[in-house]
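Engineer: The opening position of the sequence shown corresponds to residue 246 in my numbering, with each subsequent residue numbered one higher. Using N, Cα and C, we set each Cβ at its ideal position, and we do this for glycine too. Note that this is a predicted model, so its numbers are computed, not measured.
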Amino acid sequence: MKLDRKFVSKYYEHVEDFPDLDIDLSKTILLIVDYQNEFCLTDFGEAKEFKEDGLWDSWKPYFDKMHQVALPNTEKVLNYFRDNDLLVSYGLIACQREDGRDRSPVQKSDGWNNMLMPVNSYAAQVVDPLKPIDDEIVVYKTTDSVTTGTNYLHLLDNMDIETVVVCGMVTDQCVASTVRGLADAGYNVITVHDACIAASEELHEAELKIMNVIYTYVLSTEDTLKLLDESK
246 MKLDRKFVSK
256 YYEHVEDFPD
266 LDIDLSKTIL
276 LIVDYQNEFC
286 LTDFGEAKEF
296 KEDGLWDSWK
306 PYFDKMHQVA
316 LPNTEKVLNY
326 FRDNDLLVSY
336 GLIACQREDG
346 RDRSPVQKSD
356 GWNNMLMPVN
366 SYAAQVVDPL
376 KPIDDEIVVY
386 KTTDSVTTGT
396 NYLHLLDNMD
406 IETVVVCGMV
416 TDQCVASTVR
426 GLADAGYNVI
436 TVHDACIAAS
446 EELHEAELKI
456 MNVIYTYVLS
466 TEDTLKLLDE
476 SK
């Protein structure tokens with residue numbers, strides 16, 4: 246398998262061909278991480294706060310890329326899974342109690358990771374047009390990682406899953422910790438780089454380069470769908 250050299254780190258700079266992924270589509274699941282109203286809408290949540298604090302000019306490129314690239318590509322991958330009757334899942338930030346008492350310490354602390362998003366709140370809902378339908382699996386976390394903050398790994402084991410395709414935000418935090426957890430648990434992981442996003446391109450590309458090959462294969466939306474097609 247050929248990988249985009251942009252995301253190949255020092256550890257693998259002399260490797261040209263990487264082992265192919267042996268994908269059984271019946272044992273493959275899509276995981277969408279944290280694409281929620283609080284983080285995605287441009288007139289609500291974080292974006293509204295950035296505007297009120299006079300920081301919008303700094304963050305506008307991030308939201309532009311999210312809406313022009315990452316979300317549309319995630320929708321493409323999601324539609325592929327649905328059209329081919331493949332498994333879909335979501336890992337979302339949300340607490341069970343209105344007062345947030347059940348949150349992990351990091352979400353109770355001061356700073357960037359402090360957040361209170363009750364599970365039924367508007368903030369915690371998945372952004373259109375990625376909303377879950379029918380019996381698609383949704384797990385809720387108050388941690389960065391979907392694997393440590395939920396029973397997601399148990400669900401994968403129950404469903405005999407081998408490969409997880411990951412799209413989501415942000416690349417260097419919740420996506421990265423989830424990918425590492427999945428890899429450590431023995432799953433094949435594909436991270437769809439243009440269906441993920443971080444605060445800056447520097448952070449996005451650095452994290453993808455660090456994770457690539459060791460924990461996951463970093464592929465574009467186009468290459469991911471091509472690989473899935475070839476696995477039919």
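1) So what's Tyr-462 in DSSP terms, helix, strand or just coil?
2) Which whole-angstrom value describes the C-beta separation of Val-371 and Leu-337, a residue pair presumed to lie in contact below a C-beta threshold of 8 Å?
3) For Ala-319, which residues in the same chain have their Cβ closer than 8 Å to its Cβ, ignoring the five residues on either side in sequence?
4) Is it buried or exposed, Lys-477, if we count other Cβ atoms within 10 angstroms and call 16 or more buried?
5) Distance, Cα to Cα, Asn-358 vs Gly-426?
6) Taking DSSP as the reference, what is the three-state secondary structure of Ser-254?
7) Please check the pair Ala-421 and Glu-446, which I expect to be a contact at CB under 8 Å, by giving their CB distance rounded to whole angstroms.
8) Would you report the Cα separation of His-259 and Ile-435, rounded to the nearest angstrom?
9) Between Lys-247 and Asp-262, which are expected to be in contact by the criterion C-beta below 8 Å, what is the C-beta distance as a whole number of angstroms?
10) Apart from the five residues just before and just after Ala-443, which ones in its own chain have a Cβ nearer than 7 Å to its Cβ?
11) Please state the DSSP three-state secondary structure of Pro-363.
12) What separation, rounded to the nearest whole angstrom, lies between the Cα atoms of Phe-289 and Gly-299?
13) Does DSSP classify Ala-440 as helix, strand or coil?
14) So the candidates are Asp-429, Lys-321, Ile-459; which of them puts its Cα closest to the Cα of Thr-478?
15) Once the 5 residues before and after Val-410 are set aside, which same chain residues still bring their CB inside 6 Å of it?
16) On the three-state DSSP scale, how would you describe Val-384?
17) Which residue spans inside the stretch 393-424 form an unbroken beta strand (DSSP E) run of at least 3?
18) What does the alpha-carbon distance come out to for the pair Tyr-460 and Asn-433?
Structural biologist: The short version:
1) In the sequence shown, the residue the question calls residue 462 occupies position 217. Tyr-462 carries a strand assignment under DSSP once its states are collapsed to helix, strand and coil.
2) Position 126 of the sequence shown, counted from the first residue, corresponds to residue 371. Position 92 of the sequence shown, counted from the first residue, corresponds to residue 337. With 8 Å as the limit, Val-371 and Leu-337 qualify as a contact, their Cβ atoms being about 7 Å apart.
3) Here residue 319 is taken as the residue at index 74 of the sequence shown, counted from 1. At residue 319 the sequence reads Thr, which differs from the Ala that was named. Within the same chain, Thr-319 has close Cβ partners Ile-277, Tyr-280, Leu-375, Cys-412, Gly-413, Val-437, Ala-440.
4) To locate residue 477, count along the sequence shown from 1; it is residue 232. By the neighbour-count rule (16 or more Cβ atoms within 10 Å), Lys-477 is not buried but exposed.
5) Residue 358 sits at position 113 when you count from the first residue of the sequence shown. Residue 426 sits at position 181 when you count from the first residue of the sequence shown. CA-to-CA, the gap between Asn-358 and Gly-426 works out to about 19 Å.
6) To locate residue 254, count along the sequence shown from 1; it is residue 9. Residue state, collapsed to three classes: coil.
7) Position 176 of the sequence shown, counting from 1, holds the residue named residue 421. Position 201 of the sequence shown, counting from 1, holds the residue named residue 446. Not quite, the Cβ-Cβ distance comes to about 15 Å (not below 8 Å), so this is no contact.
8) Sequence index remark: in the sequence shown, residue 259 carries index 14 (1-based). Sequence index remark: in the sequence shown, residue 435 carries index 190 (1-based). Approximately 22 Å between the Cα atoms of the pair.
9) Here the question's residue 247 lines up with position 2 in the sequence shown. Here the question's residue 262 lines up with position 17 in the sequence shown. The C-beta distance from Lys-247 to Asp-262 rounds to 7 Å, short enough to meet the 8 Å contact threshold.
10) Against the sequence shown, residue 443 aligns to sequence position 198. Taken in chain order, the residues that qualify are Val-415, Thr-416, Asp-417, His-449, Glu-452.
11) If you number the sequence shown from 1, residue 363 lands on position 118. Here Pro-363 sits in strand by DSSP.
12) Position 44 of the sequence shown, counted from the start, is the residue given in the question as residue 289. Position 54 of the sequence shown, counted from the start, is the residue given in the question as residue 299. Rounded to whole angstroms, Phe-289 and Gly-299 show a C-alpha spacing of 15 Å.
13) Residue 440 sits at position 195 when you count from the first residue of the sequence shown. It is a strand residue.
14) Past the boundaries of the shown model lies residue 478; the chain is included only from 246 to 477, so the question cannot be answered.
15) Locating residue 410 in the sequence shown gives position 165, counting from the first residue. Hits under 6 Å: Leu-275, Ile-435.
16) As a working mapping, residue 384 is identified with position 139 in the sequence shown. Val-384 falls in the strand class under three-state DSSP.
17) You should have 408-414.
18) Against the sequence shown, residue 460 aligns to sequence position 215. Against the sequence shown, residue 433 aligns to sequence position 188. Looking at the backbone, the Cα of Tyr-460 and that of Asn-433 are separated by about 8 Å.
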